[in-house]
Amino acid sequence: MIAMSSPASLRLLPVLLAGGAGTRLWPLSRETYPKQFLPVLGERSPLQATWLRLAGLSPADPLVVTNEAYRYVVAEQLRLVGVETASILLEPAARNTAPAIALAALEAVAREGDALLLVLPSDHALTDEAAFCQAVQAAIAPATAGRLTTFGIVPTYAETGYGYIRAAQEGEGVVRDVQAFVEKPDAETAAAYLASGDYYWNSGMFLMRASRYLEELERHRPDILQACRQAMAATRRDGDFLRVDAQAFKASPSDSIDYAVMERAGDTVVVPMDAGWSDIGSWAALWQIAPQDDAGNVLHGDVLAEDCRGLYVYGGKRLVTALGVDNLVVVETSDAVLVAARDRVQDVRKLVERLRKAERPEASTHRQVFRPWGQYEGIDEGSRFQVKRITVKPGARLSLQMHHHRAEHWIVVKGTAKVTRGDESFLLTENQSTYIPLGVTHRLENPGAIPLELIEVQSGSYLGEDDIVRFDDAYGR
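Have a look at this one:
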């Protein structure tokens, strides 16, 4: 059994789950840069919005569980919204939500004795933050008392794409006992759920004592808990990052918190929430929650639509035009365009799977790639050359490195670059360039106060990103 601390000592600890791949919003969302990091509903990403909506609750700094590949994106996005001391737990492999939350609970117990874990997916949207905070406040008492508390979204239509929670008709205040977790229904069943008033959409958000979650996991899925304990026992701290033991964590079965714990535990309650929630699970969901014009169109970017109804159009870098069409989704990025019937966008994953089977890079990567020092974007490529636009953040620097198979030309178009080439070091300003021969050690830095932008032309027999020998790297790669 897990010893529980006294209720008075419990802090509200947000646990942000930020490891999903988000394939249903392809081609904008991809495995290497999924939807939780994309500003799909304004200037902020869903991850940033998830943290900012907690301001009225005065929580502790967040504990983020994410894929190791996303670590610098998570740290940078949270830093931009004022979070300087987040703890970021890195999963070496995807194992679903039950193990991810177990890592967070074990860290909370080790660090604080116990805590109230407010578990939030970081890829959802809410329009009524006050209603969200009110629901969390209502859940604090039962969660502090040891009950596993979830949040049920008050349904507004007969949705077949969500799981449901059946709640008791009466309870203490707004809190209701959970009678059942229900799988995604067919249309007729979903309509009956909506009419009854006893069913809520399963939001995937929870509030519970860390110690209680671990108790229930030990009771129902001791194999998961054992693997997570072993993984946490060998944790290495790397600044804000917590690196769990990869071999131990990969031994954990993959399971969701719903199947592993919530559906098996007997002491669960649900707090209804009517806060304009969406899981941003498809382009149709984005169309539904975004502001529409008088014709029901949502137009993002450089888009012209004439005599159209019910469109969702996302223009990335080019002009997108539409004429005389209805109920379509059109998404344009630098390397892919999606055109789909709005009622078929849940099947976008089928296209992604076909791309994966064909081993096409568009399935998982953008031309624009984010790194801890900034980003680069592929502009052009051929059999023995490729051209990239590189942006380096102020004060950042790339690793000291060397390539076996390619040479590089750098042309500065904005800002100032500090270049290390072999034994020499020098500055380049706008419209100046340099050449890095094959096999020569080199480093690029931005000593200035504005972003550094340059064009890089690579030429050689092999141009893969794995042709890098690093001698010194501030990011530990």
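Per full-length UniProt numbering, residue 1 is the first one in the sequence shown, and the count goes up by one each step. Ideal Cβ placement from N, Cα and C applies to all residues, glycine included. Predicted, not measured: the structure shown is a model, and the values here were computed from it.
For this session: Mark T156 as exposed unless 16 or more other C-beta atoms lie within 10 angstroms of its C-beta, in which case mark it buried.
Result: Against the sequence shown, residue 156 aligns to sequence position 156. Burial call: exposed.
For this session: Would you check if the distance between the CB atom of R212 and the CB atom of L148 is smaller than 8 Å?
Result: Counting from 1 along the sequence shown, the entry for residue 212 is found at position 212. Counting from 1 along the sequence shown, the entry for residue 148 is found at position 148. Yes, Cβ-Cβ distance for R212 and L148 is below 8 Å.
For this session: For the beta strand (DSSP E) holding Y157, just list the boundary residues, first then last.
Result: In the sequence shown, counting from the first residue as 1, residue 157 sits at position 157. Looking at the DSSP string, Y157 is not in any beta strand (DSSP E), and its letter there is neither H nor E.
Problem set entry | With 16 other Cβ atoms within 10 Å as the buried cut-off, status of P272 | Position 272 of the sequence shown holds residue 272. Answer is buried; the Cβ neighbour count reaches 16.
Exercise. Between T189 and D347, what straight-line distance do the alpha-carbon atoms span, to the nearest angstrom?
Worked result: Position 189 of the sequence shown, counted from the first residue, corresponds to residue 189. Position 347 of the sequence shown, counted from the first residue, corresponds to residue 347. T189 and D347: Cα-Cα distance of roughly 22 Å.
For this session: Keeping to the same chain, check which residues put their C-beta closer than 6 Å to that of R367; ignore five residues upstream and five downstream.
Result: In the sequence shown, residue 367 corresponds to position 367, counting from 1. For R367, where only same-chain residues beyond five positions count, the Cβ hits under 6 Å are S334, D335, E377 and G378.
Problem set entry | contact_flag[the stretch 432-448, the stretch 399-408] where n(CB pairs < 8 Å) is 3 or more | Put simply, the stretch 432-448 touches the stretch 399-408. At least three CB pairs are less than 8 Å apart.
Exercise. Got a sec? Which residues, its chain only, sit under 7 Å from G204 by beta carbon, not counting five neighbours each side?
Worked result: In the sequence shown, residue 204 corresponds to position 204, counting from 1. Once the five neighbours on either side are set aside, the close Cβ partners of G204 are P121.
Problem set entry | L25 to S425 span [Cα, whole Å] | Along the sequence shown, one-based indexing puts residue 25 at 25. Along the sequence shown, one-based indexing puts residue 425 at 425. Using only the alpha carbons, I get a separation of about 44 Å.
For this session: Keeping to the same chain, check which residues put their C-beta closer than 7 Å to that of A93; ignore five residues upstream and five downstream.
Result: Taking the sequence shown and counting its residues from 1, the one referred to as residue 93 is at position 93. Answer for A93: F249 and K250, listed in chain order.
Problem set entry | Contained alpha helix (DSSP H) runs [length at least 4] in the stretch 161-227, N- to C-terminal order | Counting whole runs of 4 or more residues, the stretch 161-227 contains the alpha helix (DSSP H) stretches 187-196 and 210-220.
Exercise. Looking at the structure shown, is residue 490 part of a helix, part of a strand, or coil, going by DSSP?
Worked result: Here the chain covers residues 1 to 477 and nothing more, so residue 490 does not appear.
Problem set entry | Simplified DSSP state of V65, which is helix, strand or coil | Here residue 65 refers to the residue found at position 65 when the sequence shown is read from its first residue. Three-state result, V65: strand.
For this session: Assign A295 to one of three DSSP states: helix, strand, or coil.
Result: To locate residue 295, count along the sequence shown from 1; it is residue 295. Correct three-state label for A295: coil.
For this session: Thinking G415 and G448 are a contact (beta carbons under 8 Å), I'd like their distance in whole angstroms, please.
Result: Numbered from 1 along the sequence shown, position 415 holds the residue referred to as residue 415. Numbered from 1 along the sequence shown, position 448 holds the residue referred to as residue 448. In this structure G415 touches G448 by the C-beta definition: roughly 5 Å separates them, less than 8 Å.
Problem set entry | Assigned exposure category for H404 - 16 Cβ within 10 Å defines buried | Position 404 of the sequence shown, counted from the first residue, corresponds to residue 404. Exposed is the call here.
For this session: Using 10 angstroms around the beta-carbon of F385, count the other beta-carbons present and answer buried if the total reaches 16, otherwise exposed.
Result: Position 385 of the sequence shown, counted from the first residue, corresponds to residue 385. Looking at its Cβ environment, which holds fewer than 16 other Cβ atoms inside 10 Å, F385 is exposed.
Exercise. Apart from the five residues just before and just after V329, which ones in its own chain have a Cβ nearer than 6 Å to its Cβ?
Worked result: Taking the first residue of the sequence shown as 1, we reach residue 329 at position 329. The residues are W283, Y312, A340, R342 and V345.
Exercise. For T429, does the count of other Cβ atoms within 10 angstroms reach 16, so buried, or fall short, so exposed?
Worked result: On the sequence shown, position 429 is the one that residue 429 refers to. With fewer than 16 Cβ atoms within 10 Å of its Cβ, T429 is classed as exposed.
Exercise. Can you pull the DSSP bridge partners for D472?
Worked result: As a working note, residue 472 is residue 472 in the sequence shown. Looking at the DSSP assignment, D472 forms a beta bridge with L400.
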